[in-house]
Amino acid sequence: MGKKINLLMFSGEYDKALAALIIANSAREMEVDVTIFFAFWGLFLLRSPETMTLEDKTTYEKMFGMMTPKGPGELPLSKMNFSGLGKEMLLEMMEDDEAPKLKDFLNGAIKKGVRFYGCKLSMEIMGIKKEELIPELEVVDAKTYLKDAMESDMQLFI
Amino acid sequence: MGKKINLLMFSGEYDKALAALIIANSAREMEVDVTIFFAFWGLFLLRSPETMTLEDKTTYEKMFGMMTPKGPGELPLSKMNFSGLGKEMLLEMMEDDEAPKLKDFLNGAIKKGVRFYGCKLSMEIMGIKKEELIPELEVVDAKTYLKDAMESDMQLFI
Amino acid sequence: MGKKINLLMFSGEYDKALAALIIANSAREMEVDVTIFFAFWGLFLLRSPETMTLEDKTTYEKMFGMMTPKGPGELPLSKMNFSGLGKEMLLEMMEDDEAPKLKDFLNGAIKKGVRFYGCKLSMEIMGIKKEELIPELEVVDAKTYLKDAMESDMQLFI
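Chains as they are written, first to last, in our numbering: chain F, 69 to 226; chain D, 69 to 226; chain V, 69 to 226.
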């Protein structure tokens, strides 16, 4: 039987999301099954300015939704962000090395068949709707995540 | 034989502690054995203003103890804390969804039989005494943690 | 067959590096095989002011290299760093307990035979050269990391 890995993407930061997606894509190229469970801040990676909505949301949900990143391009760095300057530097260095951007790694993961799970409770609390996120996302509860994770050969909390 | 998971709770933040305890409680409801090893900042989740003491501590330990969170209610968010405003927003959104608070998840974990391990070395360095933490805590060294973790089906560093 | 653990050291912080190295050293004392894969900020733990170079680097790489920590002594705390004051307090408390410093744990890990892997892609992007890091480091790609991690009994992302 094939190998399987499970990543819990909790952080909403550019560099950590990059790490998670590089691991996920490399694993898929090795024919390893990959599930990423997006919870809390991790969900912001899967948003997009185009699908964002303010309808049927409480005031707090609207405020929270507007203050937080809308997709891969808006995620800050986990360290040395310096209001965006540190991130600019990292992006320039990545370009010099012709490394793909976070958005490309995300599209790669979708194409390569990574399974995308979204945390139901986080989405309810933050007022994020399924249609605001990528269509490949399946909304699941903590037990579904745990079942998948416990059946995997490797689990990381990122 | 039953399944078993092991979490290393290193961070002392409201949202990450929430994630750890939701995983732990969900696992217990699935009859999975759960150990949480609290180290460094993670230990602050188990403190309480009522049991805090300054006796038999060095000046640095006293200062450190007073500057750091005393229990679940005082933990900051890992992101967007904004001196407490972001956390207030999250708490309001949780209340709107009738989601339990961190304190309730902690009590749930105790009732459901999660095993609580405290890192001996962290407690010695920070001058935290056993009687300042929840009575269910067992103080253990890194090797006892490792033995438990390596016997588990899944391990996370949170 | 013996047990094996794999740590992904992503963070470049004093307290998290301490946690990783205490786990690694304890595991080696239990005759467990240990690999640490250093990626992104984690690589700064393995730098040294003596071996740092600015040659053959782009302007961004030079700036980035000078702004980031050069070895264990320069890593900040993940929380409460307070421009170094919080770290000073932690170091004083560690000294009071006669706990070794991060540098000593790193040397211990080298002597005890921990395997050091460095992330090729991170090094290319940030312009870090092999000769700037500890000589024990082997530069590998994400797939080599994954192979080692999936063969291990336990994996952590730190």
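Even glycine gets a Cβ: it sits at the ideal position worked out from N, Cα and C.
- By the Cβ neighbour-count rule, lysine 84 of chain V is buried, with 16 or more other Cβ atoms within 10 Å of its own.
- Between asparagine 93 of chain D and lysine 180 of chain D, the C-beta spacing is below 7 angstroms.
- Residue burial annotation: glycine 139 of chain V is buried, with at least 16 other C-beta atoms found within 10 angstroms of its C-beta.
- Nearest in C-alpha terms to valine 100 of chain V, of all of D:Ile226, D:Leu214 and D:Leu224, is D:Leu214.
- Annotation: the continuous beta strand (DSSP E) that includes asparagine 74 of chain D extends over 72 to 77.
- Taking 9 angstroms as the cut-off between beta carbons, the residues of the region 197 to 215 of chain F near chain D are Asp209, Ala210, Lys211, Tyr213, Leu214 and Lys215, in sequence order.
- As summarised for the region 152 to 220 of chain F, the continuous alpha helix (DSSP H) elements at least 4 residues long and confined to that stretch are 153 to 164, 170 to 179, 188 to 194 and 210 to 218, given in chain order.
- In the three-state DSSP reduction, leucine 145 of chain V falls in the coil class, being neither helix nor strand.
- In the three-state reduction of the DSSP assignment, leucine 122 of chain V falls in the coil class.
- Each residue's CA atom was taken as its position, placing alanine 107 of chain V and glutamate 123 of chain D some 42 angstroms apart.
- Per DSSP, the beta-bridge partners of aspartate 101 of chain F are F:Lys72.
- Annotation for lysine 125 of chain D: Gly133 and Gly195 place their beta carbon closer than 8 angstroms to its own, counting only its chain and skipping 5 residues before and after.
- In this chain, phenylalanine 108 of chain F is not harboured by any beta strand (DSSP E), its DSSP state being neither H nor E.
- Around threonine 119 of chain V, the same chain offers Glu199, Glu200 and Leu201 as residues with beta carbons nearer than 8 angstroms, after the five sequence neighbours per side are excluded.
- Put simply, the CB of glutamate 192 of chain V is near chain F, with a gap under 7 angstroms to one of its CB atoms.
- Within the same chain, Ile73 and Val102 come within 6 angstroms of alanine 95 of chain D by CB-CB distance, once the 5 residues on both sides are set aside.
- Proximity of alanine 177 of chain V to chain D, defined by a Cβ-Cβ separation below 7 angstroms, is not satisfied.
- Per DSSP, phenylalanine 225 of chain F is one residue of the beta strand (DSSP E) stretching across 222 to 225.
- Looking at the DSSP output, arginine 115 of chain D shares a beta bridge with D:Leu201.
- Taking a contact as a CB-CB distance under 8 angstroms, the pair methionine 222 of chain F and methionine 77 of chain V does not count as one, their CB atoms being some 16 angstroms apart.
- In this structure, the CA atom of serine 146 of chain D is about 20 angstroms from the CA atom of lysine 130 of chain F.
- Annotated as proximal: glutamate 204 of chain F and isoleucine 178 of chain F, with beta-carbon spacing under 7 angstroms.
- Phenylalanine 112 of chain V and glycine 80 of chain V do touch by the CB rule: their CB atoms are close to 4 angstroms apart, below 8 angstroms.
- A Cβ-Cβ contact shorter than 7 angstroms links lysine 188 of chain D with aspartate 209 of chain D.
- Excluding sequence positions up to five before and after lysine 155 of chain D, its CB lies within less than 8 angstroms of the CB of Tyr82, Pro144, Leu145 and Asn149, all in the same chain and listed in chain order.
- Not a single CB atom of chain D sits nearer than 7 angstroms to the CB of alanine 87 of chain F.
- The beta carbon of alanine 95 of chain F sits no closer than 7 angstroms to any beta carbon of chain D.
- For lysine 130 of chain V, the uninterrupted alpha helix (DSSP H) run begins and ends at 127 to 135, by DSSP.
- Interface with chain F (7 angstroms Cβ-Cβ cutoff): tyrosine 128 of chain V is included.
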